[in-house]
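>
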Amino acid sequence: MATKSRNLKKWSNDEVIILINAYKEEYCLYDVSSPNYHNKHLRSETLKRVGDAVRVLKQDVTDKDCASKFHTLRSQYNIENAKVKMSKKSGTGTYNVNTRT
1 MATKSRNLKK WSNDEVIILI NAYKEEYCLY DVSSPNYHNK HLRSETLKRV GDAVRVLKQD
61 VTDKDCASKF HTLRSQYNIE NAKVKMSKKS GTGTYNVNTR T
């Protein structure tokens, strides 16, 4: 049986923005071409820094919660981006193009 995260409180927009900005500064967490991408110890320490940045606003969040939230955000972005790309295929009318909201 899967366990639920203990952190059930919804993320605010400010918390999400801080998470994204903290991740943006840490290339080794998402850039596969980074020389440190496969360095688990450095990635763990970097994730702690991201968690510390988010904990300024959201005290009860764990490093794992931050990684999970970022993964969810990235996945949702990729899904929405794929919808837009698919709707722009050749032959699609201008009224049928999916736009991000």
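The numbering of the sequence shown is UniProt numbering, which starts it at 1 and goes up by one.
Beta carbons are placed, not taken as given, at the ideal position from N, Cα and C, and that holds for glycine.
(1) In angstroms, rounded to a whole number, what distance separates the CA positions of V61 and N36?
(2) Can you name, in chain order, every residue of its own chain whose Cβ lies under 8 Å from the Cβ of R43, other than the five neighbours on each side?
(3) Using a Cβ-Cβ cutoff of less than 6 Å, which residues in the same chain neighbour D63 once the five nearest sequence positions on both sides are dropped?
(4) How is D31 classed by DSSP in three states: helix, strand or coil?
(5) Which residues in the same chain have their Cβ closer than 7 Å to the Cβ of A53, if we skip the five residues on either side of it in sequence?
If we stick to the structure as given:
(1) When the Cα atoms are used, V61 and N36 turn out to be separated by approximately 25 Å.
(2) Non-local beta-carbon contacts of R43 in its own chain, meaning distances under 8 Å to residues more than five positions away in sequence, involve C28, L29, N36, Y37 in chain order.
(3) Correct list, in chain order: L47, K48, G51.
(4) The answer is coil: DSSP assigns D31 none of H, G, I, E or B.
(5) If you ignore the 5 residues before and after A53, its C-beta comes within less than 7 Å of the C-beta of I18, A22, all in its own chain and listed in chain order.
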